[in-house]
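Below is one structure; the comments refer to it alone.
Protein chains: 2
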Amino acid sequence: MSSPIRIVVADDHPVVRDGVVGVLRAQGFEVVGQAGDGAQALALVEELEPDVLVLDLRMPGTGGVEVIERLRALESRIGVLVLTTFDTDSDVVAAIEAGATGYLLKDAPTPDLVEAVRATAAGETVLSPAVATRLASRLRSPGPTAQLSPREREVLTLVARGTTNRAIAAKLFVSEATVKTHLGHIFDKLGVTDRAAAVARAYDRGILG
Amino acid sequence: MSSPIRIVVADDHPVVRDGVVGVLRAQGFEVVGQAGDGAQALALVEELEPDVLVLDLRMPGTGGVEVIERLRALESRIGVLVLTTFDTDSDVVAAIEAGATGYLLKDAPTPDLVEAVRATAAGETVLSPAVATRLASRLRSPGPTAQLSPREREVLTLVARGTTNRAIAAKLFVSEATVKTHLGHIFDKLGVTDRAAAVARAYDRGILG
DNA sequence: CGTCGCATCAACCGATCGTCTGATGCCCAC
DNA sequence: GTGGGCATCAGACGATCGGTTGATGCGACG
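Chains as they are written, first to last, in our numbering: chain X, 1109 to 1317; chain P, 1109 to 1317.
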């Protein structure tokens, strides 16, 4: 290799960050910076212009998805490898849509991580097997693909708190009929038939919680 | 120090495991073994008799809580430091009750981890601030302290799937009246008033999902 | 300019839910 | 041996929910 691949690692868990950095350095990569939140990550990337950003999605303050969006807005050519614990639908979809180059779960074997970083630097897309499966099944089944609208999420959040349709209507300054309509759409989109199941599905998909 | 503290690290995430091991070795601890699941952890502890087991709770197969229980059953004097991502009620309570010596979240700063291992080896109890707060508030509020009975969890699981009271009764071979009674108790214990909110609370506490 | 998604509203009806009161049997702990 | 937690059951009532049908206004996109 001519010059080593330059990397910035962003994760709010110090232990995980140390682990990733250690693994990458041992493999001859050059880790030029580490960040504990999204804002730091953005600053470091702008300053150091690394080849790859290894990014955790769930971070305090500026989250991972927002980091990706801003980088793409800046038309940065950096490769973003998302390395996270969760593979909920909304996380994965949001990250890919935002423009992540790769998506790896933290339970991936070390060699996979190393290879993923290399591929990301080369601009290739890498996905964890679990993530790939999830995406594939999502494409196959056109049913429960739909995302909830902002208003629908708002309603569902209140439902999860035990709020009654009438009370939701009052809180949102709409009629009870409207609330019912929203709920009906929510049920359709989530593929359920009642509010309890809707809440459960929402948690499973990372929409709530 | 006379002889270094001997440690086994158990975590199913290779990256995290490497991170923890790296940090501990850099601090002069002797990491004598690493495990990727509970069964391996138990075997290593029995074979190597380390001073401290650094343990992730969520692992495939034999989970962390079960590992702790078995160690205590064996009357092992090993210190168990739980190091995990989650601080849901059920995880924390289960781990402490099982006999964990300490409970640290993965977002803890590196120096805290090092100090926690040292304290654990000395038999002292260490808790993450977040965990300590959670436990304290639990002790303060005698209300939502109660755990669900097995039967109640069973009912709630079905509720989360959108199952109707009547259908639940059929599935569990009891009358609908019984299901309603269980649900009433569930609502009381979780401090909610309807099934949707009960499901949400259960997810928040790690009872479901 | 038409179309589509989103948000809004109405009225009705049957099904379901949640609460209440009250009761029995079991098992474990104190 | 007497509580207390758990699981079981009954009947009945009012409140709430979910489905249905149908309709309007608005912004976006092509």
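Note that CB positions come from ideal geometry on N, CA and C, so glycine has one too.
Looking only at its own chain, which residues have a Cβ that is under 7 Å from the Cβ of residue i, when we skip the five neighbours before and after it?
i: D1120/P; result: G1144, D1145, D1164, M1167, P1168
i: P1250/P; result: Low local confidence applies: a pLDDT of 42 at P1250/P is under 50, so the model's placement there is unreliable, with the coordinate-based value given in what follows. Hits under 7 Å: none found.
i: V1173/X; result: L1165, A1202, A1203, A1206
i: Q1135/P; result: V1222
i: S1283/X; result: A1277
Rounded to a whole number of angstroms, what is the C-alpha to C-alpha distance between residue i and residue j?
i: A1238/X; j: S1111/P; result: 43 Å
i: G1299/P; j: A1277/X; result: 23 Å
i: L1156/X; j: F1137/X; result: 15 Å
i: L1247/X; j: V1201/X; result: Any reading at L1247/X must be qualified, since the residue scores a pLDDT of 49, below 50, and its modelled position is unreliable; the value itself is stated next. Roughly 11 Å separates the two Cα atoms.
i: L1266/X; j: R1180/X; result: 34 Å
i: L1100/P; j: L1316/X; result: Residue 1100/P lies beyond the stretch modelled for chain P, which goes from 1109 to 1317, so this question has no answer here.
i: V1153/X; j: D1159/X; result: 9 Å
i: T1271/X; j: G1141/P; result: 51 Å
i: T1218/P; j: I1186/P; result: 22 Å
i: I1204/P; j: G1210/P; result: 8 Å
i: G1292/X; j: A1305/X; result: 13 Å
i: N1273/P; j: L1213/P; result: 39 Å
i: A1147/X; j: V1128/X; result: 20 Å
i: T1253/X; j: D1312/X; result: With a pLDDT of only 49 at T1253/X, under 50, the local geometry of the prediction cannot be trusted, and the value read off the model is given with reservation. Using only the alpha carbons, I get a separation of about 14 Å.
i: R1309/P; j: L1256/P; result: 12 Å
i: R1125/P; j: V1131/X; result: 11 Å
i: T1228/P; j: V1188/P; result: 7 Å
i: A1285/P; j: K1297/P; result: 19 Å
i: R1261/P; j: H1290/P; result: 9 Å
i: A1216/X; j: L1161/X; result: 17 Å
i: T1193/X; j: V1123/P; result: 11 Å
i: G1171/X; j: G1231/X; result: 23 Å
i: R1259/P; j: S1184/X; result: 55 Å
i: V1116/P; j: V1175/P; result: 13 Å
i: A1149/P; j: F1281/X; result: 56 Å
i: A1118/X; j: A1118/P; result: 24 Å
Give the range of the beta strand (DSSP E) segment to which residue i is assigned.
i: R1114/P; result: 1114–1118
i: L1179/P; result: No beta strand (DSSP E) holds L1179/P; the alpha helix (DSSP H) holding it covers 1172–1181.
i: A1143/X; result: 1138–1143
i: V1282/P; result: Looking at the DSSP string, V1282/P is not in any beta strand (DSSP E), and its letter there is neither H nor E.
i: G1187/X; result: 1187–1192
i: L1213/P; result: 1210–1213
i: L1161/X; result: 1160–1163
So, helix, strand or coil for residue i, using DSSP?
i: L1264/P; result: helix
i: V1307/P; result: helix
i: T1228/X; result: helix
i: V1300/X; result: coil
i: P1250/X; result: Note that P1250/X has pLDDT 41, beneath the 50 cutoff, so the model's placement of it is unreliable and the number below is only indicative. It is coil, neither helix nor strand.
i: L1316/P; result: coil
i: L1256/P; result: coil
i: G1127/X; result: helix
i: L1291/X; result: helix
i: L1132/X; result: helix
i: P1122/P; result: helix
If I measure Cβ to Cβ from residue i and keep anything under 8 Å in the same chain, skipping five residues before and after, which residues do I get?
i: E1223/X; result: V1234
i: E1177/X; result: A1206, G1207
i: G1307/X; result: The residue asked about is misnamed: residue 1307/X is Val in this sequence, not Gly. Here the set comprises L1264, V1267, A1268, L1316.
i: R1133/P; result: V1139
i: D1195/X; result: L1213, S1236, A1238, V1239, R1242
i: A1302/P; result: Position check: residue 1302/P holds Asp in this sequence, whereas Ala was assumed. Closer than 8 Å at the Cβ level, and outside the excluded window around D1302/P, lie F1295.
i: K1279/P; result: L1266, T1271
i: K1288/P; result: N1273
i: A1275/P; result: L1266
Among residues of its own chain, excluding the 5 on either side of residue i, which ones have a beta-carbon nearer than 6 Å to its beta-carbon?
i: R1114/P; result: E1138, V1140, P1158, D1159
i: D1199/P; result: L1165, G1314
So the alpha helix (DSSP H) residue i belongs to, where does it begin and stop?
i: L1156/X; result: 1146–1156
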